[in-house]
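One structure is given below, encoded as structure tokens.
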Amino acid sequence: MIPYTKTAVKLLMEGAKALAKVEGDGIRMDVEYLDRTIKKMSQKIQDLETNLKQNEVAKEWRKVYGAKTNFGSAVQLGKVLFDVLKYKSSALTASGRYKTDEATLSSIDLPFVRDYLEIKKLQKIHTTYLQGIRREIVGGYLHPFFNLHTTRTFRSSSDSPNFQNLPVRNPELGKMVRRAFIPRPNGHLVEMDYSGIEVCIAACYHKDPRMIEYISDPTKDLHRDMAMECFALPKSEMSNPTDEEDRKRIKQIRYCGKNMFVFPQFYGDWYRHCAASLWQATKQMKLKLRDGSSMRRHLAKKGIKNLSGFEEHLKKVEDFFWNKRFPTYNQWKKDWFRAYQKNGYLLTKTGFICQGHMRRNEIINYPVQGSAFHCLLQALIWFVRHDLKKRKMQAKIVGQIHDSIVADVPDNEMAEFVPLAKEIMIERLRERWKWINIPLTVEIEASPINGSWADKKGIKE
DNA sequence: AAACAGTGCGCG
DNA sequence: AAAGCGCGCACTGTTT
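Counting from 395, one number per residue, gives the positions in the first sequence under the numbering used here.
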């Protein structure tokens with residue numbers, strides 16, 4: 395993929411300059427907190443390891459491997475569990491070895507395996523995040539790199555450390571890491587997030603009227619609707635929560651619809667794979683109905699008794715999704731792929747050409763992923779190279795995560811900064827790129843004054 | 001010692 | 001007809 399039009403080249407050049415400024419400014423870090431937490435974490439992991447090594451399974455492991463024993467080796471673990479102890483292996487890797495990822499291992503009901511997974515998780519936090527970040531801090535500031543030249547789709551990437559994959563989905567671990575990121579004195583860390591930008595940008599390509607309706611009407615909710623269809627639930631089960639717990643229950647089911655059906659389908663997944671993850675989720679996430687009965691039981695009542703029955707059901711859901719619900723989107727995918735087959739390249743809305751040997755799913759996804767990021771990049775360029783400078787503001791952009799921008803804003807500039815952010819990211823962008831014919835929305839969260847990134851909350855506007 | 005493939009896992 | 005897109009980092013085990 396190479397930049398094609400003049401405007402695309404300009405976007406990359408200005409983007410590189412803006413990001414260089416972001417890298418140079420850096421983000422302030424709470425080094426004392428980090429050092430303290432690294433120490434605590436090392437101790438905790440060491441204790442858990444000592445415990446693990448006394449387990450019967452560990453003894454068996456040593457019997458097999460002797461001096462070569464390495465509790466960090468997933469290959470050894472696989473042999474011990476599946477060859478020696480004869481547990482049933484449910485999946486193999488691409489090269490035919492036993493799979494030992496969390497999804498596979500969590501089905502084995504052994505204290506050893508549970509503890510092993512717990513240690514793994516903590517080790518990831520310790521080495522990749524806490525230590526990995528600490529190593530890169532200079533003079534109290536962290537300067538992650540943001541690259542525009544590494545990615546197939548002309549998104550960005552980040553490294554040393556990667557600022558774009560800090561933990562967040564697990565709230566406890568997310569907070570532990572994000573607590574280390576702080577604003578400059580008397581400032582706020584502010585995160586501005588384009589909501590559902592890839593879905594919006596996809597709609598600018600395919601222009602499916604029913605999808606546009608979903609995006610434009612705030613009372614509509616595609617993820618919830620698809621969760622309902624996937625699990626054969628009536629609307630009453632997914633609306634008007636009775637209490638806080640019920641709200642969480644609905645949220646979990648919606649999460650499954652979003653991340654195990656809707657997004658995978660957009661990216662070119664198919665019903666069997668979706669069925670497998672959803673089916674597993676009913677058990678692993680212990681999905682329930684309002685009366686407390688299990689999702690599996692509910693499905694059984696609907697005549698869906700096992701995975702293959704669920705696959706059949708998902709096949710119908712998928713068919714309806716593409717052929718009845720979003721036929722225009724479906725047709726666009728076909729036409730878009732055919733055009734690539736004929737021409738040998740594709741052109742994105744932001745002026746980039748992708749060429750070379752690509753698979754169908756790549757053809758569908760690259761233009762969307764790239765253009766969505768370019769919206770963010772253009773906004774970031776305006777912030778860094780135009781508006782903040784012109785207004786002589788002290789606010790700084792300190793990072794970027796594909797569809798969100800992180801800024802460090804002095805308390806006395808907040809009232810100016812927030813409306814400016816909305817103006818740049820929504821109005822000005824739509825003015826510049828007329829092909830964006832979908833309303834964009836931006837969610838803004840901020841830390842309290844002098845508070846860390848872990849404490850960010852939605853702000854009143 | 002450095003490079004590489006394979007695996008797993010963090011994020012959008 | 002084919003069958004999730006894009007990244008970076010740590011670690012193991014092998015090859016150069």
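Ideal Cβ placement from N, Cα and C applies to all residues, glycine included.
All values reported here derive from a predicted model rather than from experimental measurement.
Residue i to residue j span [Cα, whole Å]
i	j	result
T859	Y588	The question about residue 859 has no answer, for the chain in this structure spans 395 to 855.
G651	M787	43 Å
L770	R529	29 Å
V474	D619	44 Å
N445	D424	32 Å
Q659	I531	40 Å
E807	G490	57 Å
V451	Y510	11 Å
I791	L413	9 Å
I843	K569	17 Å
F811	D797	18 Å
K400	D553	28 Å
C668	I502	22 Å
T613	E607	10 Å
A815	L741	29 Å
I698	Q674	14 Å
C748	Y734	10 Å
P579	L504	49 Å
E817	I609	20 Å
L701	A670	7 Å
K447	P561	28 Å
Y760	H780	29 Å
Span of the alpha helix (DSSP H) around residue i
i	result
E607	603-610
Y649	638-651
D495	Note, D495: premise wrong, no alpha helix (DSSP H); not H, not E.
G472	468-472
P813	808-816
H520	Counting along the chain, H520 falls outside any alpha helix (DSSP H), and DSSP gives it neither H nor E.
S671	665-678
Y661	Neither: Y661 is in no alpha helix (DSSP H) and is coded neither H nor E.
R822	It is not in any alpha helix (DSSP H) - R822 carries neither H nor E in the DSSP assignment.
K778	Residue 778 is actually Val in this sequence, not Lys. It is not in any alpha helix (DSSP H) - V778 carries neither H nor E in the DSSP assignment.
G526	526-530
R456	450-459
Nearest neighbour of residue i, chosen from the options [CA to CA]
i	options	result
W455	E607, L479, D663, I432	L479
Q437	I513, S501, K473	I513
M819	T544, A596, F777, R491	F777
D713	Y665, L701, F704	Y665
G686	R491, K642, T521	K642
Y649	P612, Q772, L616, K727	L616
N724	T521, A597, S484	A597
M679	A497, S467, G466	A497
R690	S702, G703, R684, T676	T676
I838	A809, E825, R824, N831	A809
R549	G750, K482, T744, K518	T744
E639	R684, A621, H667	R684
L567	G852, K854, A848	A848
K605	G662, I519, T722, F506	Before going on, a small fix: residue 605 reads as Met here, not Lys. If we check each option's Cα against that of M605, T722 comes out closest.
N449	A461, K434, F465, A626	F465
G738	W726, D729, K415, H751	H751
R430	T494, H520, Q763	H520
S467	T494, K453, L442, Y481	T494
K515	N564, T544, E426, G534	N564
H707	A621, D781, I644	A621
E871	C594, E705, F575, V593	Residue 871 is absent from the model: the chain starts at 395 and stops at 855.
The beta strand (DSSP E) enclosing residue i, as first and last residue numbers
i	result
I747	746-749
H600	It is not in any beta strand (DSSP E) - H600 instead sits in the alpha helix (DSSP H) that spans 591-600.
P804	798-804
N541	539-541
I791	790-794
E837	836-840
Supposed contact pair residue j and residue i - C-beta distance, whole angstroms, cut 8 Å
i	j	result
S841	H537	So it is not a contact: roughly 20 Å between Cβ atoms.
F767	Y398	Not a contact, Cβ separation roughly 16 Å.
I439	L524	At roughly 11 Å, the Cβ-Cβ gap does not stay under 8 Å, so I439 and L524 are not in contact.
K540	E417	It should be noted that the sequence gives Phe, not Lys, for residue 540. Correct: roughly 6 Å between the Cβ atoms.
F655	C624	5 Å
F731	R754	5 Å
P577	R824	Not a contact, Cβ separation roughly 30 Å.
L471	Q772	Actually they do not touch by this definition, with Cβ atoms about 47 Å apart.
S846	R572	7 Å
G662	I591	Contact doesn't hold; Cβ gap of about 19 Å is too wide.
S500	Y492	Their Cβ separation, rounded to whole angstroms, is 15 Å, which puts S500 and Y492 out of contact at 8 Å.
The ligand SAM heavy atom lying under 7 Å from the CB of residue i
i	result
V532	Because no ligand of any kind appears in the structure shown, any question about the ligand SAM cannot be addressed here.
List in chain order: all unbroken alpha helix (DSSP H) runs of 4+ residues lying wholly within the segment 682-754.
Look at the segment 682-754 and you find these whole runs of alpha helix (DSSP H), each 4 residues long or longer: 689-695, 701-714, 721-737.
Uninterrupted beta strand (DSSP E) stretches inside the segment 534-593 (no shorter than 3 residues):
The segment 534-593 contains these whole beta strand (DSSP E) runs: 539-541, 551-553, 581-588.
Please give the ranges of any alpha helix (DSSP H) in the segment 419-447, keeping only runs that are unbroken, at least 4 residues long and fully inside the region.
For the segment 419-447, whole alpha helix (DSSP H) runs of length 4 or above, ordered along the chain, are 425-447.
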